[in-house]
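Chemist: Here it is, the structure in full.
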Amino acid sequence: MINFRPSETRPPPSPSSSAVVSAVTAEKAFSFISKGWREVKDSTEADLQLMKDRANSFNREFENFLTSASRSSSFPVTTAAPAEIEFVRKKLQPKLTEFRRAYSSPDFSKRVLEKWSPSKAKIRIDFWEWKGEGEVEKSWEPIRALKTRLRELERRSSSSEIIEGLKNSELVEKVKASLKAICKEPEYSKEVPPLDFQELLACLVRQSGPFLDHLGVKRDVSDKVVESLCGKRKNQLLLRSFPEGEPSILEGDNINDELDLRLASVLQSTGHHYEGGLWDDLTKRDTSDRKRHVAIVTTASLPWMTGTAVNPLFRAAYLAKSQKQSVTLLVPWLTRTDQELVYPNNITFSSPEEQEVYIRDWLKERVGFNADFKISFYPGKFQKERRSILPAGDTSQFISSKDADIAILEEPEHLNWYHHGKRWTDKFNHVVGVVHTNYLEYIKREKNGALQAFFVKHINNWVTRAYCDKVLRLSAATQDLPKSVICNVHGVNPKFLEIGERMSAVKEDGEQKFSKGAYFLGKMVWAKGYRELIDLLSKQKNDLNGFKLDVYGNGEDAHEVQSTAKKLDLNVNFMKGRDHADDSLHDYKVFINPSLSDVLCTATAEALAMGKFVVCADHPSNDFFRAFPNCLTYKTPEEFVNKLNEAMSSDPHPLTPEQRYNLSWEAATQRFMEYSDLDKILNMSYNGDNSESNKVSASVRKSKSVPNLTSVVDGGLAFAHYCLTGNEFLRQCTGAVPGTRDYSMQHCKDLHLLPPQVENPVYGW
């Protein structure tokens, strides 16, 4: 505690003590000032040392630059562009002169040190010595050398030695190339003339195809109008699309392709690029890695011996055989209860892996090589009424986005009747549909078939237009679908060709080639030709006296078919179905196929490959087989009898190598690549970037060149279809299997999938 006593006072200090105090105070102040000045001086010296080091580094770099410039001046002089000379004279030389003057001026150093230099004080530094009047007493050696070098550089630049060195400078050449690449003008920007009136009118007519189709104007009429507008100047279209010296990438006579190319070249010359419309999805797979991927999606799988199970399997094997593209085959997976209804001989599988082993073993036994492709499964549900498998859920989700490049939809209408998921043409770069079945013919045979066929016809048009880029019809027996062409893209099992060669060798040895008569083979349902067969045999019973027919098949209508034949007292021997390559069938000479519902009968092709006669109806489904001399067609029941007698009384012609090749899967794959445009698509990836045709095709690309009215209509149809198939009530009204909008919990267990509620959650409910 402090005690304050105001009565106590201190005596005043003496004069001697005041002097002592003043001296101590001055000494402390001087010491503080000196210490601060020393700190400032030390900091300044450190900064100046850093400047010195940087000057040394700059000096070394500058000497290297001058050395390289002097060397380049000794090279042979080449012609330089005037722009480069002007750049050196007007830009480089003044800058160097200005830099030298500014750096060598005494004011430069004075400005640096003036804030640290007290007036009339003398400070010794490492650069040069300052006096009070600002005179330079001694220059630092590196600075003096730098001044000398700058003067020498200025002298050389004025005498054009630097210019001559820059002419041969590799750096200048690289800069020139970079500037040319950046400032490159669009190709054909000046050479391509605009569209004239006739070309614009032809484009309008062609783009209005869907609208004219609804008005009853057939596609052939629209094509003729377009051809009449552009046909006379057909040879000028491509010449107007390319400048002189550039080759044409189209060699055919297709006026539509030429008009497309003309449009694309004109749009590119204007710098326009179409980025997609309302329905377009631009998140497609990038194909810059050149390794293309083909996904084949089908509606059936082995051991169900049906065309949509066997033919896509062979297609996958032979597409993968070339090893130019990776292939995935996507087949339906059925639960155990559905397997028991579909697969023959009580064959069932407990896991997809087990069924995959069965499929691969079956295939290897028939093709004789290891097919390197992937097999995947999607959830499917068997519908008894239609005797077919329908997809459950979004089938497209079982192809990963990185593999979503090219899709082949086997039976596209079947796959998309109730498809509620991502649009195929949005996820894949190119989608091809292959039509296997004549659904309209089957439906017409049912109750109220005409009305049902009317609706199915328009639904098929709807879904194929919305989900496919190209549709291949195996024959003219199928419905005329949008974007479709007719071509047989199926071959026969190589095993049947081997049987045919063996039977031909037996005949050359003089032995009897065939010891049995005629037979028919097929699934025993009325729609598979059994109705036509019973009618023919019953109507011509008297003319076929003594003729016996063996029939092989199993099916839902087996009991009814056999009882009908027995009631009509027909000479028919029914036996269980078996593989067409079975040894017991080799000795038959004649195969009969009266079916009018087939699209392209696989059994007919197999019989021809084995060297047998085939007696079949004069029907569009048999157009491909007419070229073979062993194929005998008839139009009337009487002609059927004549053709049958002709076959029974003569020997079949041996197949030529060309005919044998046309039946093979190698030829079928080649036709498929050509008619589906896959050869063009894949070749654009396989060809080198330096090829001239690849440069032209890359510069004039039609896919995203112009907004297409057809694509807008197709996108609207796909969106409407997606909305309608999302309603369970509407699905069941149109015949869908209940609960197939999403896959079942049993599918989740078998395929190790997340529940559909987790995979596709619905928020806000």
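Taking full-length UniProt numbering, I'd label the letters of the sequence shown as residues 1 to 765. Cβ coordinates follow ideal geometry from the N, Cα and C atoms, glycine included.
(1) CA-CA distance, Tyr378 and Asp579?
(2) Compare the Cα-Cα distances from Asn429 to each of His436, Tyr467, Ala667, Ile406 and report the closest residue.
(3) If Ser301 and Ile347 are in contact, beta carbons under 8 Å, what's the gap, nearest whole angstrom?
(4) Short check: CB of Thr308 to CB of Thr298, under 8 Å?
(5) So is Gln355 buried or exposed if we call it buried at 16+ other beta carbons inside 10 Å?
(6) Looking only at its own chain, which residues have a Cβ that is under 7 Å from the Cβ of Asn461, when we skip the five neighbours before and after it?
(7) Is it buried or exposed, Glu638, if we count other Cβ atoms within 10 angstroms and call 16 or more buried?
(8) Beta-carbon within less than 6 Å of Asp750's beta-carbon, same chain only, minus the 5 sequence neighbours each way: which residues are those?
(9) What residues in its chain sit with their C-beta under 7 Å from that of Gly522, if we drop five residues either side in the sequence?
(10) Taking Asn662 as the reference, which of Tyr675, Leu608, Leu390, Cys616 has the closest Cα?
(11) Please list, in chain order, all residues of the same chain as Arg387 whose beta carbon is under 8 Å from its beta carbon, the five residues on each side excluded.
(12) Would you report the Cα separation of Met745 and Pro755, rounded to the nearest angstrom?
(13) Around the Cβ of Thr464, are there at least 16 other Cβ atoms within 10 angstroms (buried) or fewer (exposed)?
(14) Can you tell me the Cα-Cα spacing of Pro332 and Lys541, whole angstroms?
(15) Identify, in the order they occur along the chain, each residue of the same chain with its Cβ nearer than 6 Å to the Cβ of Met575, setting aside the five sequence neighbours on each side.
(16) Relative to the alpha-carbon of Lys470, which residue among Asn345, Leu212, Asp714 has its alpha-carbon at the smallest distance?
(17) Whose C-beta lies closer than 8 Å to the C-beta of Leu201 among residues of the same chain, with five residues either side of it excluded?
(18) Cα separation between Ser649 and Ser351?
(19) So for Ser538, helix, strand or coil by DSSP?
(20) For Tyr343 versus Pro303, is the C-beta spacing smaller than 8 Å?
(21) Does the separation of the CB atoms of Lys321 and Ala371 fall below 8 Å?
(22) Along the chain, where does the alpha helix (DSSP H) containing Trp424 start, and where does it finish?
(23) Locate the beta strand (DSSP E) running through Ser376, then write down its first and last residues.
(24) Report the three-state DSSP secondary structure of Leu330 (helix, strand or coil).
(25) Using the DSSP secondary-structure output, state which residues sit across from Met575 in a beta bridge.
(26) DSSP three-state label for Ala320, please.
(27) Is the beta carbon of His419 sitting closer than 8 Å to the one on Thr395?
(28) Does the count of Cβ pairs from the region 308-318 and the region 359-368 closer than 8 Å reach three?
(29) Could you spell out the range, first to last residue, of the alpha helix (DSSP H) harbouring Leu201?
(30) The beta strand (DSSP E) spanning Asn593 covers which residue range?
(31) Measuring only the C-alpha atoms, how far is Leu753 from Ala295?
(32) Which runs of the beta strand (DSSP E) spanning at least 3 residues fall entirely within the region 578-657, listed in chain order?
(33) Helix, strand or coil for Val149? Go by DSSP, reduced to three states.
(34) Between His436 and the rest of its own chain, which residues show a CB-CB distance below 7 Å, the 5 nearest in sequence each way excluded?
(35) Can you tell me whether Ala720 is helix, strand or coil according to DSSP?
(36) Does Cys468 come within less than 8 Å of chain D when only Cβ atoms are used?
Modeler: The structure says:
(1) Straight-line measurement puts the Cα of Asp579 at about 27 Å from the Cα of Tyr378.
(2) Closest option to Asn429, Cα to Cα, is Ile406.
(3) Rounded, the Cβ-Cβ distance is 12 Å, inconsistent with contact.
(4) In this structure, Thr298 lies closer than 8 Å to Thr308 by Cβ.
(5) Buried, because 16 or more other Cβ atoms sit within 10 Å of the Cβ of Gln355.
(6) Leu481, Pro482.
(7) Glu638 sits exposed, since fewer than 16 C-beta atoms from the chains shown fall within 10 Å of its C-beta.
(8) Cβ contact annotation for Asp750 (same chain, cutoff 6 Å, sequence separation greater than five): none.
(9) Only residues of its own chain outside the window of five on either side were considered, and among them Lys528, Gly529, Gly553, Ala603 have a CB closer than 7 Å to the CB of Gly522, listed in chain order.
(10) It is Leu608 whose Cα lies nearest to the Cα of Asn662.
(11) Taken in chain order, the residues that qualify are Val525, Glu556.
(12) Their backbone Cα atoms lie some 7 Å apart in a straight line.
(13) With 16 or more Cβ atoms within 10 Å of its Cβ, Thr464 is classed as buried.
(14) Pro332 and Lys541: Cα-Cα distance of roughly 44 Å.
(15) Excluding positions up to five away in sequence, the list reads Tyr552.
(16) Minimum Cα distance to Lys470 is reached at Asp714.
(17) Taken in chain order, the residues that qualify are Leu229.
(18) When rounded, the distance between both Cα atoms is 52 Å.
(19) Helix at Ser538.
(20) Contact flag set, yes.
(21) Going by C-beta atoms, Lys321 is nearer than 8 Å to Ala371.
(22) Start and end: 424-427.
(23) DSSP places Ser376 in the uninterrupted beta strand (DSSP E) bounded by 374-383.
(24) In the structure shown, Leu330 sits in a strand (DSSP, three-state: E or B).
(25) Per DSSP, Tyr552.
(26) In the structure shown, Ala320 sits in a helix (DSSP, three-state: H, G or I).
(27) Yes; because the gap between Cβ atoms is below 8 Å, this pair is in contact.
(28) Contact annotation: the region 308-318 touches the region 359-368, with at least three C-beta pairs closer than 8 Å.
(29) Under the DSSP assignment, Leu201 falls in the alpha helix (DSSP H) whose first and last residues are 197-207.
(30) 588-593 is the span of the beta strand (DSSP E), which, as asked, contains Asn593.
(31) For Leu753 and Ala295, the distance between alpha carbons rounds to 20 Å.
(32) The qualifying runs are 588-593, 613-617, 631-634.
(33) Note that residue 149 is Arg in the sequence shown here, rather than Val. Of the three classes helix, strand and coil, the one that applies to Arg149 here is helix, per DSSP.
(34) Contacts found: Gly307, Thr308, Glu410, Glu411, Leu474, Val599.
(35) DSSP, read as helix, strand or coil, puts Ala720 in helix.
(36) Included in the structure is just one protein chain, with no chain D present.
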